Amino acid sequence: MENNIEVISNGFFKYKRGRFYAEETPVESIAEKYGTPCYVYSRHSLLSQINKFKAAFKNVDAPLICFSVKANSNLTLLKMMKEQGLGADVVSGGELRKALLAQFPPEKIVFAGVGKKEDEIELGVKKKIYCFNIENEEETDIIEKYAKQHKRTVICNLRLNLDIDVDTHHYIKTSIKETKFGLDLKTASRILRNNKNNRHINIKGFHMHLGSQLKDIQPYVEALDKVNRFCKEIGFKPEIIDLGGGFGIPYSSQDRMDDIGRFGDAIATKIKEMGVKVLILEPGRYIVGNTAVLLSRVLYVKKRQGKNFIITDTGMNDIIRPAFYGGYHSIFPAKKSKKTTKQMKADIVGPICETSDYIGKDIDVPADIQKGDILVVGSAGAYCFSMASNYNCRPRPCEVMVKKEKVSVIRKREEYKDLWDKEL
Numbered sequence: 270m271e272n273n274i275e276v277i278s279n280g281f282f283k284y285k286r287g288r289f290y291a292e293e294t295p296v297e298s299i300a301e302k303y304g305t306p307c308y309v310y311s312r313h314s315l316l317s318q319i320n321k322f323k324a325a326f327k328n329v330d331a332p333l334i335c336f337s338v339k340a341n342s343n344l345t346l347l348k349m350m351k352e353q354g355l356g357a358d359v360v361s362g363g364e365l366r367k368a369l370l371a372q373f374p375p376e377k378i379v380f381a382g383v384g385k386k387e388d389e390i391e392l393g394v395k396k397k398i399y400c401f402n403i404e405n406e407e408e409t410d411i412i413e414k415y416a417k418q419h420k421r422t423v424i425c426n427l428r429l430n431l432d433i434d435v436d437t438h439h440y441i442k443t444s445i446k447e448t449k450f451g452l453d454l455k456t457a458s459r460i461l462r463n464n465k466n467n468r469h470i471n472i473k474g475f476h477m478h479l480g481s482q483l484k485d486i487q488p489y490v491e492a493l494d495k496v497n498r499f500c501k502e503i504g505f506k507p508e509i510i511d512l513g514g515g516f517g518i519p520y521s522s523q524d525r526m527d528d529i530g531r532f533g534d535a536i537a538t539k540i541k542e543m544g545v546k547v548l549i550l551e552p553g554r555y556i557v558g559n560t561a562v563l564l565s566r567v568l569y570v571k572k573r574q575g576k577n578f579i580i581t582d583t584g585m586n587d588i589i590r591p592a593f594y595g596g597y598h599s600i601f602p603a604k605k606s607k608k609t610t611k612q613m614k615a616d617i618v619g620p621i622c623e624t625s626d627y628i629g630k631d632i633d634v635p636a637d638i639q640k641g642d643i644l645v646v647g648s649a650g651a652y653c654f655s656m657a658s659n660y661n662c663r664p665r666p667c668e669v670m671v672k673k674e675k676v677s678v679i680r681k682r683e684e685y686k687d688l689w690d691k692e693l
């Protein structure tokens, strides 16, 4: 259990005298003041991850690092990314508006997504964002229409589906031919040939996104090699390569990840070989995943015929990753037991009326765990609150930011009236 904390915390979440701390603040005090469920972010952990990622690509000339807003769209976090010089990778009109609200420079915003609506495309054109990543042949006509209307020349990249399999959950593989994402090489080649008819679109390169929670370098190297061969075959010299994101993080001590520095060096070598001028990267999970925990309160302990259940106030509406694709999260008691060192196996579950409503299965918990105890769910910074819902008419949790001993609310807890305020 201790080892897991070190793996997932970067030193900013730890036990001190038997109590779990976020930086210099005991999480029990946060739960007491702000209630549960509650997402708790470490400011210094976030800054540390940003700096690690930047350092990994030190051998690339001025890479454009665009934080993947879908991973976590909290406005406070986005403002921190912007202050650290990052750009934004957006996939919807809402994400674009949030990025602009966080004051990301438009020239550092990249618009991806398989289903861009016309009004979203027009907004991107009007705001002079850096580029669009095209996923459908018809997108070129729409972008051309609005670029002409607003007297702009718009930079675009073609998102390629390179049919590269990766070692991750099937739901988050995004570059195999069975998925909806990207263009096959034949279609991409046709778009490049036909683009001479579009006076307001400048296709400068290619975008790819192989999947999420990738643990090794090789798929990225294979992807760049495929793109390089394709470019040589069609006689196209790309100025931009958008490598997407997908860089994985450890969720437990069993996860083995390629070093991000080795990854950066390998990519830098390939990019230089290709003569690419601009490398775009879209980290999300790597930046925020291990910078937050989720606090949960025990409601009941149910022991039944050799099966133990710890029923908490935190359900799949608050954190859906375990139910959605079996995502693993380390779970710790906020306070170590002084009475016993004995443990028992239990499923940590929520109050939602679904059998799939669990946070962890067969988890070691203190044998004397009881109603009111606080549990800490690790690696809760990415694809957790951003995927939360109001299922079973449950208000979404609050989010707080910790800076040493200081705790600030960065999203208020929803109230019950918020559940029906928009209804007629």
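The sequence shown begins at 270 in the numbering used here and counts up one residue at a time.
The C-beta atom is built at its ideal place from N, Cα and C for all residues, glycine as well.
Predicted model only: the values in this text are computed from it and were never measured.
Asked, Found
"Close Cβ partners of M349 (< 7 Å) along its chain, the five nearest in sequence each way excluded", "L315"
"Nearest neighbour of K495, chosen from M543, G619, G596, L563 [CA to CA]", "M543"
"Where T456 sits in the DSSP three-state scheme", "helix"
"Beta carbon of K614 nearer than 8 Å to that of N577", "yes"
"Contacting residues, own chain, Cβ-Cβ under 6 Å from K484 (five flanking each side not counted)", "G517, M526"
"Ranges of the alpha helix (DSSP H) found wholly within the region 368-426, counting only runs of at least 4", "387-395, 408-418"
"Cut-off 6 Å between Cβ atoms - residues of its own chain near K605, not counting five sequence neighbours on either side", "G287"
"Cβ-based burial, E684 [other Cβ within 10 Å; buried from 16]", "exposed"
"Inter-stretch contact at 8 Å, needing at least 3 Cβ pairs: the region 364-377 / the region 333-350", "yes"
"Top-ranked residue by Cα proximity to L427, from I398, A416, R421, S458", "S458"
"CB contact check: K283 to chain D, cutoff 8 Å", "Within the model displayed, chain D is absent; a lone protein chain is all it includes."
"A357 versus I378: straight-line alpha-carbon distance, rounded", "5 Å"
"Enclosing beta strand (DSSP E) for C307 [first to last residue]", "307-311"
"Beta-carbon spacing of Y555, F281 below 8 Å", "no"
"Other residues of its chain near K473: CB distance less than 6 Å, five sequence neighbours each side excluded", "I424, E508, I509"
"Where the alpha helix (DSSP H) through S677 begins and ends", "No alpha helix (DSSP H) contains S677, which is instead part of the beta strand (DSSP E) from 675-680."
"Own chain, CB closer than 8 Å to E406, minus 5 neighbours either side, in chain order", "L452, T456, R459, I460"
"Whole-angstrom distance between K506 and V676, CA atom to CA atom", "50 Å"
"Best match in P295, Y569, N559 for proximity to V276 [C-alpha to C-alpha]", "N559"
"Reference R531; option with closest CA among Y284, E293, K327", "K327"
"Top-ranked residue by Cα proximity to C667, from I549, E292, I588, V490", "I588"
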